[in-house]
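Structure first, then comments.
Residue numbers (our numbering): 2 to 177.
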């Protein structure tokens, strides 16, 4: 069975984006050593990505879709585009679709986010690993890493790494 990994950055108070979906605060955070925080190595292990509709709509900010060589599944109740050879839009039974995807042959599945899709997959026990990079900034409000619905999930810390700019990356695995 394939592993789903939520690889994501969050503020100290647990927000992955501002309320409007922007993440400029993350792009603007100092990174004098130009570290990629393990991103390139992680991306080599991935052959599919899962992304929520609101997060996907932030894509026009990119000049070019950065994941052309990965299968991409966008989860949106309001998808206005048709699926094509780059992106498959999924409107119904998110958890069922992802369960079936996990059972296919392949590499790691990257859960990009956002909060709503994270919540659905966490609540359904489908996230196997979280690689969370804490950015030492407080946003005060915004989009939570796990959305708004209540849940109680337990993970075990398997690795921590501290970077010179103050970011801390924690790798966690779902407790059995």
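We put the beta carbon where it would ideally sit given N, CA and C, even for glycine.
Note that the structure is predicted; figures quoted are calculated from it, not measured.
{"Check": "Could you tell me the distance, in whole angstroms, from the CA atom of residue 115 to the CA atom of residue 135?", "Outcome": "16 Å"}
{"Check": "Out of 56, 9, 140, 32, state which residue places its alpha-carbon closest to the alpha-carbon of residue 40.", "Outcome": "9"}
{"Check": "What's the C-alpha gap between residue 166 and residue 31?", "Outcome": "7 Å"}
{"Check": "Once you ignore the five residues that flank residue 103 on each side, which residues in its own chain have a CB closer than 6 Å to its CB?", "Outcome": "2, 3"}
{"Check": "Does the CB of residue 132 have a neighbour CB from chain C at under 8 Å?", "Outcome": "Among the chains of the structure shown, chain C does not appear; only one protein chain is present."}
{"Check": "Any chance the CB of residue 56 is under 7 Å from a heavy atom of the ligand SAH?", "Outcome": "Summarising the ligand content, the structure contains no ligands, and the ligand SAH is consequently not present."}
{"Check": "Going by the beta-carbon positions, is the gap between residue 113 and residue 5 smaller than 8 Å?", "Outcome": "no"}
{"Check": "Residue 44 by DSSP, collapsed to three states: which one?", "Outcome": "helix"}
{"Check": "What's the gap between the Cα of residue 15 and the Cα of residue 145?", "Outcome": "6 Å"}
{"Check": "Would DSSP call residue 97 helix, strand or coil?", "Outcome": "helix"}
{"Check": "Please determine, among 163, 158, 164, the residue with the shortest C-alpha to C-alpha distance to residue 174.", "Outcome": "158"}
{"Check": "How many angstroms separate the CA atom of residue 95 from the CA atom of residue 75?", "Outcome": "10 Å"}
{"Check": "What did DSSP end up calling residue 155 once you bin it into helix, strand or coil?", "Outcome": "coil"}
{"Check": "Using only alpha-carbon positions, find the residue among 164, 93, 70, 163 that is nearest to residue 50.", "Outcome": "70"}
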